[in-house]
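A.B. asks: Using my numbering, read the sequence shown as starting at 2 and increasing by one per residue. Below is a structure I'd like to ask you about.
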Amino acid sequence: MLLDDIWRKVDLEEEIGIPLPSPENGSKVPFTTRSKKVCGRMGCHDVEVKHLDPEKAWELFRQKVRGTTLDSDPKILELAKKICEKCKGLPLALNVIGETMACKTSVREWQCAIDDLNTNAADYPEVKDEILTILKLSYDDLKDETVKQCFQYCALFPEDEEIDEEELIEYWRHEGIINGGGDRERAINQGYRILSILVSACLLMPVDTLDFEEEEKVIVKTGAGVHQMPEVRDWNSVRRMSLTENEIQNISISISPVCHNLTTLLLKHNNLENISGELFLSMPKLMILDLSFNKNLTKLPEEVSNLVSLRYLNLSGTGLENLPAGLGKLIQLRYLALIGVQTLQSISVVSSLVNIEMLWLNYTAFVSLELIEDMTLMKNLKSLGVSINDVVVLERLLSIPSLASCIEHIFIEGIVAEYVPFVTNISSLRSIEIGSCIISDIMEHTRYGFRSTSTICFQNLVYVHITGVSGIQDLSWLIFAPNLTFVCVDGPSLELKEIVSREKVSGILNEGSSIVPFRKLHTIELISLVELESIYWKRLEFPSLKKMMIIDCPKLKKLPFSKERAYYFDLRAHNEEWFGSLEWEHEATED
2 MLLDDIWRKV DLEEEIGIPL PSPENGSKVP FTTRSKKVCG RMGCHDVEVK HLDPEKAWEL
62 FRQKVRGTTL DSDPKILELA KKICEKCKGL PLALNVIGET MACKTSVREW QCAIDDLNTN
122 AADYPEVKDE ILTILKLSYD DLKDETVKQC FQYCALFPED EEIDEEELIE YWRHEGIING
182 GGDRERAINQ GYRILSILVS ACLLMPVDTL DFEEEEKVIV KTGAGVHQMP EVRDWNSVRR
242 MSLTENEIQN ISISISPVCH NLTTLLLKHN NLENISGELF LSMPKLMILD LSFNKNLTKL
302 PEEVSNLVSL RYLNLSGTGL ENLPAGLGKL IQLRYLALIG VQTLQSISVV SSLVNIEMLW
362 LNYTAFVSLE LIEDMTLMKN LKSLGVSIND VVVLERLLSI PSLASCIEHI FIEGIVAEYV
422 PFVTNISSLR SIEIGSCIIS DIMEHTRYGF RSTSTICFQN LVYVHITGVS GIQDLSWLIF
482 APNLTFVCVD GPSLELKEIV SREKVSGILN EGSSIVPFRK LHTIELISLV ELESIYWKRL
542 EFPSLKKMMI IDCPKLKKLP FSKERAYYFD LRAHNEEWFG SLEWEHEATE D
């Protein structure tokens, strides 16, 4: 017996009248479902049906179309392979579209099918009637309207691209779809819970739209080669617009469009050079504006101050030279990203944003003492990204607990000091980048060894990149970053001899210690470290490691794992001779 496409837990004894499968009776009841929640409630051994690889996908598609059709014309065979590729290995799509094309024997019919699938797959009759109808069952089963709204929002992203989880959750949060009762952390947790629900329902995949009844509520023209703003019959009906990854250069509008209901406008990854101020005159409800990665955009119109409801503004990766003075009037603004805007001459206007919660200035202008004093007035600040090139500024920033506890991303460049004055209250820190500095150590009290496991703990640190730093002999403090996933140390460095010093950490890494170094590390890159002799003095499991790159580290003769373990990840070395002379830790090694 096979139970196909079930949506809830089925009581086999009560509802069907068969005994529960067990080792004693030797029976098994296979079933299919699109809900991981059902798998969990049924207590089954689940087997995920994944996308077919290209070879098997073509085999299935060819079987459905039949050889007589494919062999009737060489051009049909070529077009069939393109259609098969558009199905992305999805058995349902391969079946439905393959069966539909089985009777199509003219090249024009096949070309027309490709045109339909390329422009809007939802307009393809069989896709709409069979595939989307089946997918809509999963959507309707979500029950929670908030989860449905979150899923609909995914339609604004480019097809076949990964969606950044953090970015998506921030969009949801600042448009008010989720709020966590006004608490940022609760809202973020709610966002991840919703992502889990969508993944469990097998719905988090590229789609065009799920809004069948109100087709103009959402406008999506992502990656379609659009060169100008689209013509819209009724701007007032548009609630969200995404023009991501197009080729728009200028937005020149003589008459301001009336967009009283527009809440999200995504224009990132275009070739924007100029934006007419009239665009922003009639958008009273706009909450999210993303203009990021328009490197030729050098100026933002003063009319941006008319966006009285704006909560999220992303200007990262643009060529802005100045920020409009009117930016300071956006009292509802909670999120401002200016990452990598190296052309920006001044960031003083951000001092007026007293209600800001997330302020990311990394890789932009270096923070000054004056700006730090202004930041102390930002009472709602929860997340901060900064670039520092003065040890006095760094010391002042870290001496203010309300600011130090907000730092998530920090880039330190050009500092000459005995140590970097990190303190224990930077618990939110997620990424550290240190470049072109002369320092003896990262923290003063790590120079002579650690006294206890409570000395320092970077609980949220996941990313460390150190390049061109002189003076440091080891990076033993890394063991206090239990969630670290990426480490890159790029020379030239003439002093670094150990990644973790046995002398410094042996006092706390005893039998009772709960610390497991590098447990979550998936990438480590060691480049041009001519004095490096050791990563770790004894065997480590590296259970999550996926990539290790070692280039120009001639004195590193031994790696802290067995040769057999190296087969489980990508190990890249600078030359075969060095690799062939390596020593390995044996499985039985303890010291």
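Ideal Cβ positions, reconstructed from N, Cα and C, are used throughout, including at glycine.
#1: Does DSSP put PRO360 in a helix, in a strand, or in coil?
#2: Compute the Euclidean distance between the alpha carbons of SER545 and ASN237, then round it to the nearest angstrom.
#3: Does the Cβ of ALA656 have 16 or more other Cβ atoms within 10 Å, making it buried, or fewer, making it exposed?
#4: Using C-beta distances below 7 Å, list every residue in its chain close to LEU541, excluding the 5 sequence neighbours before and after it, in chain order.
#5: Can you name the start and end residues of the alpha helix (DSSP H) that TYR336 belongs to?
#6: Could you pull the DSSP bridge partners for GLU499 from this structure?
#7: The alpha helix (DSSP H) that contains SER201, what's its start and end?
#8: Return helix, strand or coil for GLU214, following the three-state DSSP convention.
#9: Would you give the residue range spanned by the beta strand (DSSP E) that GLU528 belongs to?
#10: How about the region 477-488 and the region 524-531: do they share at least three Cβ pairs that are nearer than 8 Å?
#11: Would the region 549-559 and the region 574-583 be scored as touching if the rule is three or more Cβ pairs under 8 Å?
#12: According to DSSP, is ILE394 helix, strand or coil?
#13: Assign LEU21 to buried or exposed, taking buried as 16 or more other Cβ atoms, counted over all protein chains shown, within 10 Å of its Cβ.
#14: Can you tell me whether LYS51 is buried or exposed? The criterion is at least 16 other CB atoms within 10 Å of its CB, across all chains shown.
#15: Can you look up GLY41 in the DSSP assignment and give me helix, strand or coil?
#16: Looking only at its own chain, which residues have a Cβ that is under 6 Å from the Cβ of PRO258, when we skip the five neighbours before and after it?
#17: Tell me whether TRP173 sits in a helix, a strand or coil according to DSSP, three-state version.
#18: Could you tell me which of PRO75, TRP111 and GLY278 sits nearest to ILE84, measuring between CA atoms?
#19: Between HIS466, ILE413 and VAL48, which lies nearest to ILE389 when the distance is taken from Cα to Cα?
#20: Ignore the nearest five residues each way along the sequence and tell me which others in GLN64's own chain have a CB closer than 8 Å to its CB.
#21: Starting from GLU434 and walking both ways along the beta strand (DSSP E), at which residues does that stretch end?
#22: Which residues mark the beginning and the end of the beta strand (DSSP E) in which PHE487 is found?
#23: Just the C-alpha distance for PHE543 and GLU584, rounded to the nearest angstrom, thanks.
#24: Give the straight-line distance between the Cα atoms of GLY182 and PHE294, rounded to the nearest whole angstrom.
#25: Tell me, please, whether the region 237-251 touches the region 259-273 by the rule of three or more beta-carbon pairs shorter than 8 Å.
#26: Are ARG234 and THR264 touching if we call contact CB-CB under 8 Å?
#27: Could you say if the region 102-119 and the region 132-149 meet the contact criterion of at least three C-beta pairs nearer than 8 Å?
#28: So SER471 packs on LEU495, CB below 8 Å; how close in whole Å?
#29: Pull up the distance between the alpha-carbon of ILE19 and that of ILE179, whole angstroms please.
#30: Ignore the nearest five residues each way along the sequence and tell me which others in SER317's own chain have a CB closer than 8 Å to its CB.
#31: Measuring alpha carbon to alpha carbon, tell me which of ASN381, ILE373, LEU157 and ILE348 ends up nearest ILE357.
#32: Among ILE348, ILE416 and VAL501, which residue has its Cα nearest to the Cα of TRP538?
#33: Quick one: what's got a C-beta closer than 6 Å to PHE367's C-beta in the same chain, skipping five residues either side?
#34: Take the Cβ of ALA202 as the centre, count every other Cβ of all protein chains shown within 10 Å, and call the residue buried at 16 or more, exposed below.
#35: What is the residue span of the beta strand (DSSP E) that SER352 lies within?
#36: For the region 34-80, list the beta strand (DSSP E) runs that are entirely contained and at least 3 residues long, ordered along the chain.
C.D. replies: With the structure as the only source:
#1: This sequence places Leu at residue 360; Pro is not what is there. Of the three classes helix, strand and coil, the one that applies to LEU360 here is strand, per DSSP.
#2: 50 Å
#3: With the chain covering 2 to 592 only, the question about residue 656 has no answer from this structure.
#4: PRO518, PHE519, PRO561 and PHE562
#5: Element bounds for TYR336: not the alpha helix (DSSP H) but the beta strand (DSSP E), 336-338.
#6: ASP475 and SER535
#7: 185-201
#8: Model confidence at GLU214 stands at a pLDDT of 36, short of 50, so the residue's coordinates are unreliable and nothing is read from them.
#9: First, the residue type needs correcting, since residue 528 is Ile and not Glu in the sequence shown. Element bounds for ILE528: 524-530.
#10: yes
#11: yes
#12: The amino acid at residue 394 is misidentified as Ile; the sequence shows Val. If DSSP states are grouped into helix, strand and coil, VAL394 belongs with the helices.
#13: exposed
#14: exposed
#15: helix
#16: TRP236
#17: helix
#18: TRP111
#19: ILE413
#20: GLY99
#21: 432-436
#22: 487-494
#23: 17 Å
#24: 32 Å
#25: yes
#26: no
#27: no
#28: 7 Å
#29: 44 Å
#30: SER293, PHE294, ALA338, LEU339, ILE340, GLY341, VAL342 and TRP361
#31: ASN381
#32: VAL501
#33: SER388 and ASN390
#34: buried
#35: Unbroken run through SER352: none, as it is neither H nor E.
#36: none
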